[in-house]
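Shown next, in structure tokens, is the structure this report addresses.
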């Protein structure tokens, strides 16, 4: 079974985002920490797999909120319990930020990952974290906005994808629809959408069904599945 993961999390940017062509044109944050990000005494780490325990460099700014490790772990637990091991899956990480979601998937055996983020700082972080986890040979970086990247990826098909536009941007539904209409999802793919709990549920195009919904504080996770037909 294959899956698509659409994930809204760490690249939240209140007051730093403007729309372009219905998608996101985000200004890069003013500060970047190439030391490890801390939330209290917590440090961002890879949770499982070949890079387990490796610390990740990420942004250090109040305008960008990394997804807590506990939520990332819960999401991967939900996926693995339904689809089994992630070995061989093709991964798409939109709004990749530090690349934590895509790198976690690679660590767990995914075949390769495409990381999409227009920011220079994000690109540097992704490349650094891939090298640190010794996964640079499995990652490809596209420094473009999401809409342009989807057009560039028109000939690709992904089994697992992560999506993280800012909360209350309305981009989740647009991107899910674009992924479907451009046929970028493998048959039987899964989507995991994170939104703020106060938002409306993510609009679902034909052929995408809601399988599970969970809350983690203010974070809502929707697990969606694409039908088996191409």
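In the working numbering, the protein residues as written are 39 to 268. Using N, Cα and C, we set each Cβ at its ideal position, and we do this for glycine too. Please read all numbers here as calculations on a predicted model, not as lab measurements.
### Task
Please go through the same chain and pick out, in chain order, the residues whose beta-carbon is closer than 7 Å to the beta-carbon of residue 241, but skip the five residues on each side of it.
Around residue 241: 211.
### Message
For a test of the three-state rule: what should DSSP assign to residue 113, helix, strand or coil?
### Response
Residue state, collapsed to three classes: helix.
### Query
Does the separation of the CB atoms of residue 141 and residue 151 fall below 9 Å?
Going by C-beta atoms, residue 141 is nearer than 9 Å to residue 151.
### Sequence-distant residues of the same chain with beta carbon closer than 6 Å to residue 265, five excluded per side
So the list reads 245, once near-sequence residues are dropped.
### Task
Within the stretch 102-165, note down every full beta strand (DSSP E) run reaching 3 residues or more, in order along the chain.
The qualifying runs are 128-132, 150-154.
### Query
Around the Cβ of residue 251, are there at least 16 other Cβ atoms within 10 angstroms (buried) or fewer (exposed)?
Exposed, since its Cβ has fewer than 16 Cβ neighbours within 10 Å.
### Task
Using only alpha-carbon positions, find the residue among 169, 180, 105 that is nearest to residue 233.
Minimum Cα distance to residue 233 is reached at 105.
### Query
Do you know whose CA, among 201, 155, 179, 92, lies nearest residue 229's CA?
It is 201 whose Cα lies nearest to the Cα of residue 229.
### Message
Which of the three DSSP states is assigned to residue 256 in this structure?
### Response
If DSSP states are grouped into helix, strand and coil, residue 256 belongs with coil.
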